[in-house]
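Comments concern the structure below.
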């Protein structure tokens, strides 16, 4: 909803409030005495009396009819604008005014996707009176990701929370330079240093689950697990646990702000999110200061921040101005925002899909026992040899991509697909889900089949254009290997040390969007310890 319609919404609310002040009895007049403002000592009182005076000239019925006429006029204007913008594009014959297809998208997202797919590779719809193009064609989806004039659209309040300093809002040369600076954080050396942190935290959390009885809701448990891993990797385990827990608490408050109504007033969810971000900036500033001291003294890097500070200290003086604490902090916030819900989703689907596909689980166990018969610690070399396990990771990401669509908004008129002109200001929804399941792409796409990525079928090559879980173009996920490693470590630890059975609920297998995808019931499972074996 743009600012114009937010204003209309507020005006309508004030009108309704005025009616409430007058009362609900039709044809009741407010006496001149009651509307006299001379006895009012406050501005609010005077406003109330004036509203009553104005309202007394009309019956409630007249006011309601007036409101209906105004709203109907706005609705007709909206429909006309949408019809003009859509041109010859296929799409719904009618969308409800004001909210459009918002509720269908939130409450039944996959029915919404299926309906839009029926219209073809590019179709139109409307969400909160915003003209929206829905893209299901893999080539066009990739084109949108690469289009320089189509910017990421996170949420209405995202820029207020993350500010323009965050990665999603940085474009052009500045973005290219930042990505170059980030490369040392995702080298083999860096990934190797993160691995023991990831493995230790995963082991600690699953052990804690078992102490609680082993009956888990995977979504709830993996949410906290993933946040613990993120803080451990980003700030290091030398950072006191209390500080890491404070980072987690503030992040969750900040994260709530991305899906709230964008009103920045004291006490609102958005204001709480902004305050939480400000506190995170303070915490990260202290962590970076401590890291600089340790890295300058020659200590070994033990976190992502340490590696970045080490890189900074090795740069020429001319490059150091671009590597300020602020750059590091807002990049960390961007990483946390991008990874938390997405990674939580993937870990939940590990539990769900391997609980359903025992044959796949058995093959993972056979491979892991062959490579690590003594239950040795994981290392990157062993993980690279575990070809089938990595195939399972890739298939989980294909079969259940965490983000099924990545909204963009074009800042200039652009042309996509088969010469479709997209007016400036259009929201574009390129569908990763549709690309992964499109006909002519992956074979038997609706079947969970890790073998599609083996050395014979090589669908990661033959269907590369359809595999878009990490996006494409300038915002292609730079942390993709770190993410895959985390899924693989969790999968391996769970598979080799535990058995589990799913505890489905009525309708719990339905997929919900929130904002990444999960089983509706969060995936309930019962775990028990197993002997390490194939």
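Numbering (mature numbering (1 follows the signal peptide of the UniProt record, and there is no 0)), first residue to last: -26 to -1, 1 to 508.
Note that CB positions come from ideal geometry on N, CA and C, so glycine has one too.
Cβ shell of residue i (< 6 Å), same chain only, five flanking positions each side left out
{"i": "residue 536", "result": "The structure shown does not extend to residue 536, since the chain is modelled only from -26 to 508, so the question has no answer here."}
{"i": "residue 490", "result": "315, 316, 319, 376, 377"}
{"i": "residue 86", "result": "78, 79"}
{"i": "residue 458", "result": "367"}
{"i": "residue 156", "result": "452"}
{"i": "residue 365", "result": "424, 427"}
{"i": "residue 199", "result": "179"}
{"i": "residue 168", "result": "207"}
{"i": "residue 411", "result": "419"}
{"i": "residue 71", "result": "49, 52"}
Residue i classed as buried or exposed, judged by whether at least 16 other C-beta atoms fall within 10 angstroms
{"i": "residue 250", "result": "buried"}
{"i": "residue 496", "result": "buried"}
{"i": "residue 52", "result": "buried"}
{"i": "residue 502", "result": "exposed"}
{"i": "residue 437", "result": "buried"}
{"i": "residue 389", "result": "exposed"}
{"i": "residue 47", "result": "exposed"}
{"i": "residue 144", "result": "buried"}
{"i": "residue 68", "result": "exposed"}
{"i": "residue 189", "result": "exposed"}
{"i": "residue 550", "result": "There is simply no residue 550 to check, as the chain begins at -26 and stops at 508 in what is shown."}
{"i": "residue 196", "result": "buried"}
{"i": "residue 182", "result": "exposed"}
{"i": "residue 441", "result": "buried"}
{"i": "residue 90", "result": "buried"}
Where residue i sits in the DSSP three-state scheme
{"i": "residue 449", "result": "helix"}
{"i": "residue 499", "result": "strand"}
{"i": "residue 462", "result": "helix"}
{"i": "residue 493", "result": "strand"}
{"i": "residue 382", "result": "strand"}
{"i": "residue 219", "result": "helix"}
{"i": "residue 444", "result": "coil"}
{"i": "residue 470", "result": "helix"}
{"i": "residue 174", "result": "helix"}
{"i": "residue 47", "result": "helix"}
{"i": "residue 506", "result": "coil"}
{"i": "residue 428", "result": "coil"}
{"i": "residue 475", "result": "strand"}
{"i": "residue 349", "result": "coil"}
{"i": "residue 487", "result": "strand"}
{"i": "residue 277", "result": "coil"}
{"i": "residue 375", "result": "coil"}
{"i": "residue 510", "result": "Nothing about residue 510 can be read from this structure; the chain reaches only from -26 to 508."}
{"i": "residue 158", "result": "helix"}
{"i": "residue 290", "result": "coil"}
{"i": "residue 16", "result": "coil"}
{"i": "residue 359", "result": "helix"}
{"i": "residue 166", "result": "helix"}
{"i": "residue 480", "result": "coil"}
{"i": "residue 439", "result": "helix"}
Same chain only: Cβ atoms within 7 Å of residue i, ignoring 5 sequence neighbours per side
{"i": "residue 102", "result": "-26, 73, 74, 76"}
{"i": "residue 516", "result": "One cannot answer for residue 516 here, as it falls past the ends of the chain, which runs -26 to 508."}
{"i": "residue 521", "result": "Outside the shown range of the chain, which is -26 to 508, sits residue 521, and nothing can be said about it."}
{"i": "residue 443", "result": "371, 372, 375, 406"}
{"i": "residue 310", "result": "204, 225"}
{"i": "residue 184", "result": "501, 503"}
{"i": "residue 481", "result": "494"}
Same chain, Cβ closer than 8 Å to residue i, five either side skipped, listed in chain order
{"i": "residue 401", "result": "101, 104, 105, 106, 107, 127, 381, 382, 383"}
{"i": "residue 230", "result": "243, 246, 247"}
{"i": "residue 269", "result": "275, 280, 283, 284, 287"}
{"i": "residue 475", "result": "329, 499, 500"}
{"i": "residue 160", "result": "452, 453, 455, 456"}
{"i": "residue 484", "result": "493, 494"}
{"i": "residue 363", "result": "338, 341, 342, 357, 462, 465, 466"}
Legend entry - Every unbroken beta strand (DSSP E) inside the region 114 to 153 [3 residues or more]: 124 to 126
Legend entry - the region 381 to 396 contacting the region 410 to 424, beta-carbon criterion three pairs below 8 Å: no
Inset, instruction - Report yes or no: do the region 462 to 480 and the region 339 to 355 share at least 3 C-beta pairs separated by less than 8 Å? - result: yes
Inset, instruction - Please list the segments of the alpha helix (DSSP H) lying wholly inside the region 304 to 342, counting only runs of 4 or more residues, in order along the chain. - result: none
Legend entry - Meets three-Cβ-pair contact criterion under 8 Å: the region 235 to 251 and the region 277 to 285: no
Legend entry - Touching by the beta-carbon criterion (3+ pairs, under 8 Å), the region 144 to 154 and the region 319 to 332: no
Inset, instruction - Could you pull out every unbroken beta strand (DSSP E) segment of at least 3 residues lying fully inside the region 382 to 423, listed in chain order? - result: 382 to 384, 388 to 390, 394 to 396, 401 to 404
Inset, instruction - Spell out a yes or no on whether the region 296 to 315 and the region 121 to 141 are touching, meaning 3 or more CB-CB pairs, one atom from each, closer than 8 Å. - result: yes
Legend entry - Contiguous alpha helix (DSSP H) assignments of at least 4 residues, all confined to the region 44 to 110: 76 to 81, 83 to 91
Inset, instruction - Quick one: which unbroken beta strand (DSSP E) runs of 3-plus residues sit fully inside the region 176 to 237? Chain order, please. - result: 189 to 191
Inset, instruction - Specify whether the region 203 to 220 and the region 250 to 261 touch according to this definition: at least 3 beta carbon pairs, one from each stretch, less than 8 Å apart. - result: yes
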